[in-house]
Each structure stands twice: as C-alpha cells, then as structure tokens.
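In terms of the working numbering, the sequence shown opens at residue 70 and continues consecutively. This report refers to the structure that appears directly beneath it.
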Amino acid sequence: MKREKEIVIGVDIGGTGTKIGLVDKQGRIIARDESISTKSYESFNGYIDEVGRIINSLAISTGCKENIKGIGVGAPDSNYYTGNIEHAFNLPWKGILPLAGMLSKRCNTGVRVTNDANAAAIGEMRYGAAKGMKNFIVITLGTGVGSGIVINGEVVYGCDGFAGELGHVTMVRGEEGRLCGCGRRGCLEAYCSATGVARTAKEMIEKINEPSLLRDIKEITSRDVYEAACNGDKLALKIFDFTGRMLGEAIADFIAFSSPEAIILFGGLTRAGEYLLKPLKQAVEKNVLHTFKGKTKILLSQLKDSDAAILGASALAWEIE
Numbered sequence: 070m071k072r073e074k075e076i077v078i079g080v081d082i083g084g085t086g087t088k089i090g091l092v093d094k095q096g097r098i099i100a101r102d103e104s105i106s107t108k109s110y111e112s113f114n115g116y117i118d119e120v121g122r123i124i125n126s127l128a129i130s131t132g133c134k135e136n137i138k139g140i141g142v143g144a145p146d147s148n149y150y151t152g153n154i155e156h157a158f159n160l161p162w163k164g165i166l167p168l169a170g171m172l173s174k175r176c177n178t179g180v181r182v183t184n185d186a187n188a189a190a191i192g193e194m195r196y197g198a199a200k201g202m203k204n205f206i207v208i209t210l211g212t213g214v215g216s217g218i219v220i221n222g223e224v225v226y227g228c229d230g231f232a233g234e235l236g237h238v239t240m241v242r243g244e245e246g247r248l249c250g251c252g253r254r255g256c257l258e259a260y261c262s263a264t265g266v267a268r269t270a271k272e273m274i275e276k277i278n279e280p281s282l283l284r285d286i287k288e289i290t291s292r293d294v295y296e297a298a299c300n301g302d303k304l305a306l307k308i309f310d311f312t313g314r315m316l317g318e319a320i321a322d323f324i325a326f327s328s329p330e331a332i333i334l335f336g337g338l339t340r341a342g343e344y345l346l347k348p349l350k351q352a353v354e355k356n357v358l359h360t361f362k363g364k365t366k367i368l369l370s371q372l373k374d375s376d377a378a379i380l381g382a383s384a385l386a387w388e389i390e
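Here is the structure:
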C-alpha cells in the first residue's frame with residue numbers, strides 16, 4: 070500500500086443519527102453516508118452490523134477498500150483505553166458496549182474510539198484552528214457542554230479514559246444550582262449549552278417584566294433567542310450576556326489549569342457570534358489570573374459544521390499503527 074493513498078474512516082455516533090465518511094490525508098471527505106438513525110435500532114449488534122455494512126460499501130464503491138488505515142469513532146461516554154461505550158444515557162442501548170472490538174471484526178481493521186469533544190480536539194489539531202498547537206482546549210457548545218484538553222500535543226484522558234469533563238465543573242453551588250442531566254446541580258452545562266440558553270430564557274421571562282419577542286414562543290430554543298437578539302430584542306441580549314459571562318468566568322479558570330495557547334469554541338451555539346463572544350471575552354479578561362492575561366486566544370472552530378464530526382472522528386484513525 071502506498072502511504073499517500075491511505076484513507077481513514079470517521080464515524081460520528083449521535084443520539085439521533087450516525088454520520089460516516091471516508092477521509093484522505095488532506096482532510097477531504099471523499100464519500101459519506103448519514104442515513105443511519107441511531108435510535109431506530111433496538112439491538113446494538115444490529116446497529117453495528119449496519120455501520121459495518123455501510124463502511125464496507127463506501128470503501129468498495131470508491132475503490133478504497135485496500136487503502137483503509139483504520140476507523141475513528143466519536144461516541145458519547147466512550148472510553149479511549151477500552152474502546153467501549155460505557156453507560157451512555159442518551160443512546161438507546163444500556164450498559165458497557167464493546168464498540169471498537171465489534172466494529173473491528175465487521176470491517177477487519179483497527180478502530181479507535183473517544184468521546185465527541187476529544188474527537189473535536191484531535192480534528193482541530195489535524196485539520197482546523199489548532200494546527201501547529203500543542204496546548205489548547207476545545208469547548209463544544211451543543212445540547213451539552215463538552216471539552217477536549219490537549220497538553221504537550223496529547224489529549225488528556227486521565228487514569229480511566231474519561232478526563233476532561235469541564236462541562237461539569239460547578240458554577241452555582243447548593244440547591245440554587247440548576248439540576249444537570251448528570252444528576253448534580255449547578256454544572257456549567259446546565260447554563261451554557263443550547264438547552265441551558267433555553268432554560269435561561271424561560272427564567273428571565275418570568276423574572277424580568279419587559280416586552281420580548283420570546284414571550285410569544287411556547288417552546289423556546291437557543292435559535293429563537295439568537296433570532297430575537299438579531300432583531301434587537303433586549304431580553305434576548307441579556308440572555309446571551311448572562312451565558313457569555315458565565316462561560317467566560319469558567320474559561321478563566323480553565324486557563325489557570327493548563328495555560329493553553331488557545332480556547333477553541335465548537336458547536337451550534339457558536340453561531341450566536343458576538344452576542345456570545347463579546348461578554349465571554351470581557352469575563353475572561355476580568356477574571357483570568359494576572360499571570361495569564363493576554364496569553365490565550367479565544368478562537369472559533371475552522372471545521373465546517375457539516376464536516377466537523379466526521380473529520381474529528383476520522384483524525385483518531387491516523388494514530389493507529
């Protein structure tokens with residue numbers, strides 16, 4: 070096999086759907102499939118059979134079957150060390166699932182697995198905003214808040230494969246903290262995720278007596294808040310100000326932890342742009358330890374939304390020997 074022709078497979082497993090792509094060394098997706106509905110498979114065996122079938126079909130149809138170096142998978146609650154998904158609460162299958170081992174048998178190649186935020190960090194380092202960096206943190210802002218921490222060019226996995234859950238640092242302690250999906254109270258995720266923004270909107274509508282476009286919406290989403298902010302809605306702007314300030318305060322602490330060259334923001338909530346970034350940067354500047362002032366850049370991901378998950382997962386596969 071000529072190394073310049075090698076390709077890798079990226080698999081992004083989400084609670085709703087699964088994305089699969091063939092990726093070359095330049096980060097180009099040469100074939101893809103997004104037809105799998107993750108939640109429609111009662112059996113994990115049946116699901117893996119279908120993922121394996123699609124991978125093999127894509128590889129054969131593109132003439133790349135003999136050039137596959139390996140498969141990288143980004144999946145919720147997955148363990149880099151064991152290759153297992155362990156007790157994922159947003160997937161339809163429970164317990165410990167031997168993802169890497171099963172997929173490796175179906176496709177006859179090596180498989181590396183990690184969670185989606187770590188995959189995003191590896192993707193940014195190989196293809197995106199972190200090219201050339203050895204110390205940075207990726208914060209994923211979607212339905213939840215995830216993070217991938219890179220120190221000296223290596224992702225931090227910890228002793229058990231689950232290190233780096235910065236979305237679950239406690240921002241509001243005690244009973245006043247919002248209940249998080251993890252079962253604890255006051256986590257960053259409960260405030261600065263897309264769902265957290267929607268919760269803030271509902272709370273502010275009840276507490277602040279001023280006109281707002283959001284008052285006419287029954288089930289508010291973060292997108293609704295963004296669209297209202299674009300129309301100059303004062304309440305929507307206050308929601309983003311609150312969210313940005315809280316995230317910025319947390320990032321100031323993250324900077325003290327690892328002195329990163331950059332914090333890279335990734336995910337749907339970043340589409341809010343300056344509505345989120347302005348208060349975030351102000352909070353970082355106000356709260357960061359003097360030693361670190363002006364040293365850490367706040368960047369947005371350079372990976373296209375439609376490609377990011379596949380590219381991030383695929384980057385794992387280049388590590389396979």
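Yeah, the Cβ is synthetic: ideal placement off N, Cα and C, and Gly gets one too.
| Item | Value |
| --- | --- |
| Those runs of the alpha helix (DSSP H) which lie wholly inside the stretch 171 to 215 and span at least 4 residues | 185 to 196 |
| Sheet register partners of Thr239 (DSSP bridge) | Cys256 |
| Buried versus exposed call for Thr212 [16 or more other C-beta atoms within 10 Å across all chains shown] | buried |
| Residues near Ile324 in its chain [Cβ-Cβ closer than 6 Å; skip 5 each side] | Val357, Phe361 and Thr365 |
| Through-space distance from Leu316 to Leu372, alpha-carbon basis | 22 Å |
| Burial state of Ser216, where buried means 16 or more other Cβ atoms lie within 10 Å | buried |
| Counted within 10 angstroms of its Cβ, other Cβ atoms place His156 as buried (16 or more) or exposed | exposed |
| Val180 vs Gly152 beta-carbon contact at 8 Å | yes |
| Among Lys94, Arg97 and Leu127, the one whose alpha carbon lies nearest that of Glu103 | Leu127 |
| Residue from Phe309, Asp185 and Glu245 whose Cα sits closest to the Cα of Thr264 | Phe309 |
| Val294, buried or exposed, once every other Cβ within 10 Å from all chains shown has been counted against 16 | buried |
| Assigned exposure category for Ile99 - 16 Cβ within 10 Å defines buried | exposed |
| Presumed contact (8 Å Cβ cut-off) between Ile333 and Ser370, rounded CB distance | 6 Å |
| Tyr149 vs Val182 beta-carbon contact at 8 Å | yes |
| Touching by the beta-carbon criterion (3+ pairs, under 8 Å), the stretch 252 to 271 and the stretch 289 to 304 | yes |
| Classification of Thr312 by the beta-carbon crowding that lies within 10 angstroms, buried from 16 upward | buried |
| Beta-carbon proximity check, Thr209 vs Phe326, cutoff 8 Å | no |
| Neighbourhood of Gly243 by C-beta distance below 8 Å, restricted to the same chain and skipping five residues each side | Arg254 and Gly255 |
| For Phe231, the three-state DSSP class (helix, strand or coil) | coil |
| CB-CB length for Arg101 against Ile89, believed under 8 Å | 7 Å |
| Residue burial classification, Ser112 (beta-carbon count within 10 angstroms, cutoff 16) | exposed |
| Where His237 falls, given that 16 or more other Cβ within 10 Å makes a residue buried | buried |
| Start-to-end residues for the alpha helix (DSSP H) that takes in Ala128 | Phe113 to Ser130 |
| Arg101 in three-state terms, based on DSSP | strand |
| Simplified DSSP state of Val142, which is helix, strand or coil | strand |
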